[in-house]
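Each residue of the sequence shown is one higher than the one before, starting from 14 at the first, in our numbering. Single-structure report; data block below.
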Amino acid sequence: MDNKAETLEAVVKEAVDLDNVPIEEVFETLRCNPHGLTTEAVEQRLAIFGHNKLEEKQ
14 MDNKAETLEA VVKEAVDLDN VPIEEVFETL RCNPHGLTTE AVEQRLAIFG
64 HNKLEEKQ
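See below:
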């Protein structure tokens, strides 16, 4: 796994209350910016985290 992927996985493990921090810190924590993600960044995150969807109730 490359360094970027390891960094993104570390974000998931961080306990950060994103509601109560400055927006600049949110962008830094989530490794993004106000302009969104590049196609490459989206592909990396999909590979690591999968699609952002809720599981259906059974």
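Where is the CB? At the ideal position from N, CA and C, for every residue including glycine. These figures come from a predicted structure and were not determined experimentally.
Each residue's CA atom was taken as its position, placing E41 and Q71 some 37 Å apart.
In the DSSP assignment, L43 falls within the alpha helix (DSSP H) that extends over 36-43. For the 8 Å CB-CB criterion, V39 and L31 form a contact. Under the DSSP assignment, L59 falls in the alpha helix (DSSP H) whose first and last residues are 52-62.
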